[in-house]
Amino acid sequence: MPELPEVETTRRGLEPHVVGKVIAAAEVRRSRMVRRQHRDRDFAERIVGRRVLGLRRHGKAILGDLDGDLTWVTHLGMSGRISVATAGSPEPPHANVVLSIKGTAEEVRFVDPRTFGYMAVFTPDELAEWPPSKWGPDALAELPSAAKLREVFARRSAPIKAVLLDQGVVAGLGNIYADEVLFRAKVAPTTPANVLSTEQVAAVRKAVSPVLKAGLRHGGTSLNDLAYLLPDGRAGDYLSRLKAYGRDGEPCERCGTAIRRTVVRQRSSFWCPKCQPS
DNA sequence: ACCTCCCTGGCC
DNA sequence: GGCCAGGGAGGT
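By the numbering used here, the letter at position 220 of the first sequence is numbered 225, and the numbering carries on one by one without gaps.
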């Protein structure tokens with residue numbers, strides 16, 4: 006449940022269940038899930054008894070402001086999702102971290118089969134050291150101007166797809182939405198960023214917000230494996246609206262040409278060879 | 001500025 | 001069995 010719309014729908018789904026509430030207990034069943042924590046194994050110790058003052062998001066990270074000036078970080082990685090359910094109800098496999106909420110019958114389960122995600126509670130100093138402090142502006146809330154993007158792209162000869170996936174440039178785009186942005190902008194994923202025309206940079210920039218907002222409106226992209234679900238267990242609906250990602254061999258909706266799959270930086274990329282000339 | 005690897009599971 | 005999967009840290 007990895008990209009920005011999935012993370013934001015998760016944040017919104019989680020918010021009413023935790024904001025203003027106190028974490029009553031924390032069970033870490035796989036210590037790997039808290040491996041980003043500075044001192045080993047004190048995740049539970051740090052979060053228990055804390056009140057959640059607010060829940061924010063930056064890129065693909067969910068940030069919970071706790072009392073005592075601590076920040077509760079959740080990164081869902083590739084296969085992570087949050088489930089809010091009645092304590093004691095049947096659990097899905099890989100509920101690796103479970104938080105109970107004071108005064109309610111609900112618990113928050115961090116489900117993550119591949120364990121690429123993590124949770125941590127950071128002090129302000131630790132938060133400043135945490136890698137995403139090197140993340141760029143949020144793709145939805147603070148998308149850089151076209152001029153700024155032109156400047157950044159001009160310095161990069163890497164494929165535009167790789168640059169869009171670089172969280173240091175813009176935080177929040179992942180493999181699915183990067184392909185969707187490039188399809189909408191009519192730019193091939195393999196195009197070196199520094200050869201994009203001014204118009205193409207503008208088109209890429211202009212595509213980001215509509216693509217992400219459409220993903221949000223539909224609750225994100227639950228793929229067929231249903232690894233990503235909203236916190237209440239509903240599936241996100243955006244899969245059927247994807248125009249490029251996963252549509253290898255299917256006709257492009259604009260021109261009918263078969264969508265192609267190409268590997269860019271070890272990630273699958275889907276694009277229309279006619280609408281997105283390289 | 002690149003790979004490689006971290007994991008588990010589903011599908012062919 | 002082999003390949004694939006919403007990400008990114010770490011080492012080169």
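For every residue, glycine included, the Cβ atom is placed at its ideal position computed from N, Cα and C.
- The C-beta of Gly254 has fewer than 16 other C-beta atoms within 10 Å across all chains shown, which makes the residue exposed.
- Residues Lys248, Ala249 of the same chain have their beta carbon placed closer than 6 Å to that of Phe188, with the five preceding and five following residues left out of the count.
- Partner residues in the beta bridge of Met124, as assigned by DSSP, are Thr79.
- Rounded to the nearest whole angstrom, the C-alpha separation of Pro197 and Ser162 is 5 Å.
- Within the model, the alpha-carbon separation for Gly108 versus Ser245 is close to 39 Å.
- Ala176 is positioned such that its CB atom lies closer than 9 Å to that of Lys65.
- Taken atom to atom, the span from the alpha-carbon of Gly224 to that of Glu134 is near 32 Å.
- CA-to-CA, the gap between Arg160 and Gly54 works out to about 48 Å.
- Cβ-Cβ distances below 7 Å link Pro236 to Thr15, Gly18, Leu19, Ile87, Ser88, Val89 in the same chain, with the five nearest sequence neighbours on each side left out; the list follows chain order.
- Less than 9 Å separates the beta-carbon of Val102 from that of Phe115.
- The beta carbons of Ser84 and Asp117 sit about 6 Å from each other, so the pair counts as a contact at 8 Å.
- Nearest to Thr91 by C-alpha distance, out of His22, Gln281, Met124, is His22.
- Here the alpha carbon of Thr195 sits roughly 14 Å from the alpha carbon of Glu185.
- Taking C-beta atoms as the reference points, Ser105 and Ala207 fail to come closer than 9 Å.
- Looking at the backbone, the Cα of Arg37 and that of His99 are separated by about 12 Å.
- Residue state for Val113 is assigned as strand, using DSSP reduced to three classes.
- In the displayed model, Asp74 falls within coil according to three-state DSSP, outside both helix and strand.
- The three-state secondary structure of Pro215, taken from DSSP, is helix.
- Counting only the Cα atoms, Arg252 lies some 13 Å from Arg259.
- A Cβ-Cβ distance of about 6 Å is found for the pair Ala49 and Val33, placing them in contact under the 8 Å criterion.
- In the DSSP annotation of this structure, the continuous segment of the alpha helix (DSSP H) that includes Gly18 starts and ends at 9-23.
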